[in-house]
Amino acid sequence: MKCSNDEDRYRLVVEDLTEVISRFNADGTYSFVNEVYCRFFGKSSEELLGSRWQPVAYAEDIPMIEAKLATLSPDHPVVVVENRVYSGTGAVHWFQFVNRGFFDKKGHLIEVQAVGRDISALKQAEAALRSSEERLNIALNATQMGVWEWDVQTNAVYWSPQCLAMHGSANFDGTVNSFTRMVHPDDLPRVLAAIDRAFADHADFVAEYRMIRPDGLVRWVSDSGRPSYDASGKSLRLIGTVRDITDQKKTQEDLKRLHEKMSDLNAHLETVREQERLAISREIHDEVGQSLTALKLDLSWIQNRVAKPHPELKERLTEMRKGLDYLIAKAQHITAELRPPLLDNLGLVAAIEWQVRQFRKRSGLECRYLPPEGAHPLDEKTATAVMRIFQEAMTNILRHAHATLVEVSLYFGEGYLELEIADNGSGISPEEIGSTTAYGVMGMQERARLCQGELEITGRPGKGTTVTLTVPIDSVLVAENGG
Numbered sequence: 001m002k003c004s005n006d007e008d009r010y011r012l013v014v015e016d017l018t019e020v021i022s023r024f025n026a027d028g029t030y031s032f033v034n035e036v037y038c039r040f041f042g043k044s045s046e047e048l049l050g051s052r053w054q055p056v057a058y059a060e061d062i063p064m065i066e067a068k069l070a071t072l073s074p075d076h077p078v079v080v081v082e083n084r085v086y087s088g089t090g091a092v093h094w095f096q097f098v099n100r101g102f103f104d105k106k107g108h109l110i111e112v113q114a115v116g117r118d119i120s121a122l123k124q125a126e127a128a129l130r131s132s133e134e135r136l137n138i139a140l141n142a143t144q145m146g147v148w149e150w151d152v153q154t155n156a157v158y159w160s161p162q163c164l165a166m167h168g169s170a171n172f173d174g175t176v177n178s179f180t181r182m183v184h185p186d187d188l189p190r191v192l193a194a195i196d197r198a199f200a201d202h203a204d205f206v207a208e209y210r211m212i213r214p215d216g217l218v219r220w221v222s223d224s225g226r227p228s229y230d231a232s233g234k235s236l237r238l239i240g241t242v243r244d245i246t247d248q249k250k251t252q253e254d255l256k257r258l259h260e261k262m263s264d265l266n267a268h269l270e271t272v273r274e275q276e277r278l279a280i281s282r283e284i285h286d287e288v289g290q291s292l293t294a295l296k297l298d299l300s301w302i303q304n305r306v307a308k309p310h311p312e313l314k315e316r317l318t319e320m321r322k323g324l325d326y327l328i329a330k331a332q333h334i335t336a337e338l339r340p341p342l343l344d345n346l347g348l349v350a351a352i353e354w355q356v357r358q359f360r361k362r363s364g365l366e367c368r369y370l371p372p373e374g375a376h377p378l379d380e381k382t383a384t385a386v387m388r389i390f391q392e393a394m395t396n397i398l399r400h401a402h403a404t405l406v407e408v409s410l411y412f413g414e415g416y417l418e419l420e421i422a423d424n425g426s427g428i429s430p431e432e433i434g435s436t437t438a439y440g441v442m443g444m445q446e447r448a449r450l451c452q453g454e455l456e457i458t459g460r461p462g463k464g465t466t467v468t469l470t471v472p473i474d475s476v477l478v479a480e481n482g483g
């Protein structure tokens, strides 16, 4: 198609564009609209030409549009406006208009050309992004968590508003140095080492450390991040989150102190209980045992002097003697359970060996004992704790294990002793070990802790349970002379 002149060629170019294009006079009346404009607003050029542009604009945006158009001048002939308009179907769309003003020789506005493109999708994306950022900020504020990023190449550090509020922004200038100056000096080497390991191992960075705020307040934080690299493996940045855990640390310290107090109380109560057991066992041995023995001797004296013509009386005396024998044996058993006399007289090794024999006799189970080749004397507290753990383990086997074989070994190593009790029973489960009603297990664990020992309990279903107690003895060895 041959064009008659430059104006016709210009009009063809305008018609072929996908943007809406219009021109309007200084009073706002249209002097030109392209075909795209007409299609979008659902009107013909005849309907639009001579009318004003305001009816197609969103009413609330008109004052803003007119204010920006009023800034057009020969020195500033272009103004960009983003506003809402009504399409031909009545739907509201966001448009960006590039408005260029044309002026006469005196600088008066003659005409405005507006080239617009639909940016509704962009506005929706921006709105979604703002909504997402708002939700993220709400979540970060609720969890007292901040987001940060360290650009390794430039050493620039970004802190989210939550980070700035957490650490204080007065001394932060967005550099690594300003961050490291705020880390507690005692913690800084550990933090830097953790960062280096994360980059070297391509692993997450995790650290808990103290920050010193500009106001001098020290706060504990939990920091975690993940490094990123370019295609060649070069470190690019470290991005992560930080959370204030000062209150959590304080709670942990309070719980730790409470636990220490409870442990001290438990240790005191255990000492008192052992003293009471010892006193009761001595009372039974010295008073009850001696009285029963005296009764047995008196009964024997009477039995030897009963005349032969009284067989019923003699039979009754025999039954009484059997009863006394049972009571004496029972008193000895109770005395041994309260406080094995061998523990005080001959030491832990002999006491455990005696307990193994008693276990065989009471249970009927096969019980093997491997005594140590050499032994160190122990202080009373440690020997008692080991003996009580052994007794509890054997009691649990008798009650719950359904075992046919028990193996006990005691070993003295360099600076430690190890006691191991293994059975071939049903096998304890992790849930049973950690149960809040497993008072026997908890008692063994507490006794092990009181003598600075470690207790390990492992079970395999259908294959048995192994209890291993390891106790350091360097600090509890007793001199050979008992000093």
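When the letters of the sequence shown are read in order and numbered with the UniProt record's numbering, they come out as residues 1 to 483.
Note that CB positions come from ideal geometry on N, CA and C, so glycine has one too.
Close beta carbons around residue i, own chain, < 7 Å, minus the five adjacent residues each side
i: Val183; result: Val191, Tyr209, Met211
i: Gly146; result: Leu140, Trp159, Ser160, Gln162, Cys163, Met166, Thr241, Val242
i: Asn25; result: Ser31, Glu111
i: Trp150; result: Val157, Val176, Arg237, Leu238
i: Asp187; result: Tyr209, Arg210
i: Thr412; result: Sequence inspection shows Phe at residue 412; the Thr mentioned does not correspond to that position. Pro372, Gly374, Ala375, His376.
i: Thr246; result: Arg219, Trp220
First through last residue of the alpha helix (DSSP H) which encompasses residue i
i: Thr18; result: No alpha helix (DSSP H) holds Thr18; DSSP gives it neither H nor E.
i: Ala385; result: 380-396
i: Gln54; result: From DSSP, Gln54 is part of no alpha helix (DSSP H); its letter is neither H nor E.
i: Cys367; result: Segment 366-370 is the beta strand (DSSP E) holding Cys367; no alpha helix (DSSP H) there.
i: Thr180; result: 176-182
Rounded distance between the beta-carbons of residue j and residue i, thought under 8 Å
i: residue 484; j: Met444; result: Given a span of 1 to 483 for the chain in the structure shown, any question on residue 484 remains unanswerable.
i: Glu418; j: Leu469; result: 7 Å
i: Asn99; j: Val85; result: Their Cβ separation, rounded to whole angstroms, is 14 Å, which puts Asn99 and Val85 out of contact at 8 Å.
i: Leu317; j: Val306; result: 7 Å
i: Lys296; j: Arg321; result: 7 Å
i: Ile473; j: Leu378; result: 7 Å
i: Leu398; j: Ser435; result: Actually they are not in contact, since the Cβ atoms of Leu398 and Ser435 sit about 19 Å apart, beyond 8 Å.
i: Leu215; j: Gly168; result: The amino acid at residue 215 is misidentified as Leu; the sequence shows Asp. Right, their Cβ atoms sit about 7 Å apart.
Option nearest residue i by Cα separation, candidates the options
i: Ala194; options: Phe172, Leu410, Asp223, Thr18; result: Asp223
i: Ala294; options: Leu313, Val306, Asn304, Leu324; result: Leu324
i: Cys367; options: Ile389, Asn424, Ile334; result: Asn424
i: Tyr369; options: Ile328, Glu66, Gln355, Glu134; result: Gln355
i: Asp264; options: Asn171, Gln452, Pro461; result: Gln452
i: Arg226; options: Ala127, Asp196, Asp187; result: Asp196
i: Gly50; options: Pro74, Ser22, Ala329; result: Ser22
i: Ile302; options: Gln290, Glu315, Arg130; result: Glu315
i: Ser73; options: Glu319, Leu109, Phe172, Thr180; result: Leu109
i: Asp75; options: Lys249, Thr18, Asp104, Arg360; result: Asp104
i: Pro461; options: Val471, Thr437, Glu454, Glu432; result: Glu432
i: Lys249; options: Glu276, Val221, Lys261; result: Val221
i: Gln358; options: Ala125, Gln391, Pro311, Leu327; result: Gln391
Cut-off 6 Å between Cβ atoms - residues of its own chain near residue i, not counting five sequence neighbours on either side
i: Glu60; result: none
i: Ile421; result: Ala393, Val408, Val467
i: Arg447; result: Ala385, Arg388, Ile389
i: Lys463; result: Gly427
i: Trp53; result: Phe24, Gly28
i: Val20; result: Val36, Tyr37, Phe40, Gly116
i: Ser228; result: Leu236, Arg237
i: Ala127; result: none
i: Gln113; result: Arg23, Arg100
Contact check, residue i vs residue j, beta carbons under 8 Å
i: Arg219; j: Asp244; result: yes
i: Gly116; j: Phe95; result: yes
i: Val386; j: Pro371; result: no
i: Thr465; j: Ala401; result: yes
i: Ala203; j: Thr175; result: no
i: Lys68; j: Val79; result: yes
i: Gly450; j: Thr404; result: The residue asked about is misnamed: residue 450 is Leu in this sequence, not Gly. Against a cut-off of 8 Å, the Cβ pair of Thr404 and Leu450 comes out as no contact.
i: Ala351; j: Leu343; result: yes
i: Gly459; j: Asn396; result: no
Extent of the continuous beta strand (DSSP E) to which residue i belongs
i: Asp244; result: 235-244
i: Asp201; result: Taken as a continuous stretch (DSSP letters only), Asp201 belongs to no beta strand (DSSP E), being part of the alpha helix (DSSP H) at 188-201.
i: Tyr30; result: 30-33
i: Val80; result: 78-86
i: Gly225; result: 218-229
i: Ile457; result: 454-460
Neighbourhood of residue i by C-beta, 8 Å cutoff - its chain only, sequence neighbours within 5 removed
i: Cys38; result: Ser44, Ser45, Leu48
i: Asp230; result: Leu236
i: Ser87; result: Phe40, Phe41, Gly42, His93
i: Asn83; result: Ala57, Tyr58, Asp61, Met64, Ile65, Trp94, Phe95, Phe97
i: Gly347; result: Ala375, Pro377, Leu378, Ala383
Any non-hydrogen atom of the ligand SAH closer than 7 Å to residue i Cβ
i: Ala403; result: The ligand content of the structure shown is nil, which means the ligand SAH is not present either.
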